[in-house]
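**Q** Per the numbering used here, the very first residue in the sequence shown carries number 411; after that it's consecutive.
All C-beta atoms in this analysis are idealised placements derived from N, C-alpha and C, irrespective of residue type, glycine included.
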Amino acid sequence: MRDRLEGLGAAEVELRAGRSGQFDVTVDGALKYTRSKTGRFPTDDEIEDLARP
Numbered sequence: 411m412r413d414r415l416e417g418l419g420a421a422e423v424e425l426r427a428g429r430s431g432q433f434d435v436t437v438d439g440a441l442k443y444t445r446s447k448t449g450r451f452p453t454d455d456e457i458e459d460l461a462r463p
């Protein structure tokens, strides 16, 4: 996922897996996706949207 986001133009990508299945995606210092709100991992289309400013 990191490679895909960076390939789409995101300068810095941080993926964090935490306790209890937590999964956050931070792009260029901004939290872009958190599994705790959706209850699932991002789809391929959502991954592309995460890289957009």
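For threonine 453, which of helix, strand or coil comes out of DSSP?
**A** Threonine 453: coil per DSSP, three-state reduction.
**Q** With serine 446 as the anchor, note down where its alpha helix (DSSP H) starts and where it stops.
**A** Looking at the DSSP string, the run of the alpha helix (DSSP H) that includes serine 446 is 445-448.
**Q** Can you name the start and end residues of the beta strand (DSSP E) that aspartate 434 belongs to?
**A** Start and end: 433-437.
**Q** Look up alanine 440 in the DSSP assignment and give the residues it is bridged to.
**A** DSSP output for alanine 440 lists Val437 as bridge partner(s).
**Q** Between the C-alpha atoms of threonine 436 and aspartate 454, what's the straight-line distance to the nearest angstrom?
**A** Approximately 16 Å between the Cα atoms of the pair.
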